[in-house]
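Below: one structure, written as structure tokens.
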Amino acid sequence: MTFLEMCKYSTFKNKNKNNDDDNDNNKKYKTDFDIEESIHDNYVRLEKDKVDDQSIIIPAGFKTQIHSQGYKELLQAILDYCRELFRLEDKQKSLEIEAKSRGLPVPQVLPSEKRKLQEKARKMALKYSFIIFQRKSEASRPGLSLIEYTKAKVKAVGNQKADKDFYETLILFTARVLQPAFEKNVSKLEVELSRLFRTNAFNITERTQAEKKRLEKYPQLRPPQKKEDTKELISRYAMKARVPNESYHHSYIKQKTEIRPLFYKLTPHGATNARSPLISLLFPSMKDKIRVFEEESKKRNEAKGNRSMIVKPTELDQIIEQESRKKKKNLNQTVTDYL
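Listed below in structure tokens is the structure:
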């Protein structure tokens, strides 16, 4: 089978089995996952953990919020988005492996699939905005006098720590609730949630996991379990000095950014002014609009430059027929020369 025949067979096979591949990817996720049951179980566990560890904070109004219909809709939107994102990332990895094995350029995920993911992300951001507005509007509930409203508003605006504790607890609790929806412990679920709710650069979960992997790779970086004498201290510092420097920023630069929405490689200065991707999806700033425009223009120009590589099905049949004739002719010539 010639190379062009392999390409034609692969294209035909992928068209016929596209739906089957999607069904296989969906088998990785549990279909019997119940959001309400998971919310109840994880909140009971959170209360038990608080009894054992007094440093755990359950913010005021948190229980009411997680049992509201708006939070359940947010969980469902996050679940749909994460499943679609992980499916596309797995598909991209399989395409890269297949392309490298054949020595071909790495194909990209279809724009229609990326648009589908963007729509799910925008829906998730909309559900999240309802929770933000609901929490901010608690001070403006009906029936309050002007003095009561002013006091409640001043208290809500001045107490930023309460909001911080609420949203930090909400992020961790959301990751715990959705984790059982997947067949195995998917660490990238919490990483993606931390990125979406916080920012691309200040992803605490990703930094923690990166540091954990670094300690597993270089055990000499771990703090000593017992008091060391001078000789042991010098020896440990000598081993520690041999560990290569690995910057978190460098690992962040290497990550794939073609699929995840609003995943920008920020400079240290830009990271200080970064916004949550969920907020940027609803209210994009001028910088966000310019970045999206530049990315779309770049991809459009690259597609125009690669038009010569696109072959129609009829042209592909003709090329395959010509290649087959040449191969048959060369084979006959070789047999004739041998005889």
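Numbering (numbering that gives the first Met the number 0), first residue to last: 0 to 338. By construction, the Cβ of each residue, glycine as well, lies at the ideal position given by its N, Cα and C atoms. Quantities reported herein were computed from a predicted structural model and do not represent experimental measurements.
Query	Result
Classification of Leu188 by the beta-carbon crowding that lies within 10 angstroms, buried from 16 upward	buried
From Ile233, Asp228, Ile258, Phe132, residue whose alpha carbon lies closest to that of Asp89	Ile258
Three-pair Cβ contact test at 8 Å for the region 91 to 98 versus the region 66 to 83	no
The alpha helix (DSSP H) enclosing Gly69, as first and last residue numbers	68 to 101
Option in Ala200, Glu295, Tyr217, Glu167 with minimal Cα separation from Ala273	Ala200
Own chain, CB closer than 7 Å to Lys327, minus 5 neighbours either side, in chain order	none
Met285 burial status per 10 Å Cβ neighbour count (16 or more: buried)	exposed
Cβ pair Leu87, Glu112 closer than 8 Å	yes
Check whether Pro58 and Ala174 have beta carbons under 8 Å apart	no
Proximity of Glu210 and Leu84 at Cβ, strictly below 8 Å	no
Proximity of Pro260 and Leu280 at Cβ, strictly below 8 Å	yes
Range of the contiguous alpha helix (DSSP H) that encloses Leu261	First-last for Leu261: undefined, no H or E at that position.
Short Cβ contact (8 Å threshold) for Phe172 with Leu45	yes
Inter-residue CB distance, Glu72 and Lys150 (contact presumed, cutoff 8 Å)	32 Å between Cβ atoms; not a contact.
Identity of the residue in Asn244, Phe196, Leu232 nearest Arg213 by Cα	Asn244
Span of the alpha helix (DSSP H) around Glu167	159 to 177
Length of the line joining the Cα atoms of Lys163 and Leu169	10 Å
Inter-residue spacing [alpha-carbon to alpha-carbon] between Gln224 and Tyr217	16 Å
Beta-carbon proximity of Leu277 to Phe196, cut-off 8 Å	yes
Lys239 versus Leu220 - alpha carbon distance	6 Å
Beta-carbon spacing of Lys122, Ala76 below 8 Å	yes
Closest residue to Ala124 among Val291, Pro283, Lys297, Asn300 (Cα-Cα distance)	Pro283
Simplified DSSP state of Ala240, which is helix, strand or coil	helix
Within-8 Å CB hit, Thr271 to chain B	Within the model displayed, chain B is absent; a lone protein chain is all it includes.
Residues of its chain near Arg324, where Cβ-Cβ distance is below 6 Å and the 5 sequence neighbours each way are ignored	none
Pair within 8 Å by beta-carbon distance, Gly60 and Gln133	no
Presumed contact (8 Å Cβ cut-off) between Ile34 and Leu74, rounded CB distance	5 Å
Where Lys122 sits in the DSSP three-state scheme	helix
Distance, Leu109 Cα to Glu4 Cα	The pLDDT assigned to Glu4 is 44, lower than 50, so where the model puts this residue is not dependable; a value taken from the coordinates is nonetheless given after this. Looking at the two C-alpha atoms, the distance is approximately 23 Å.
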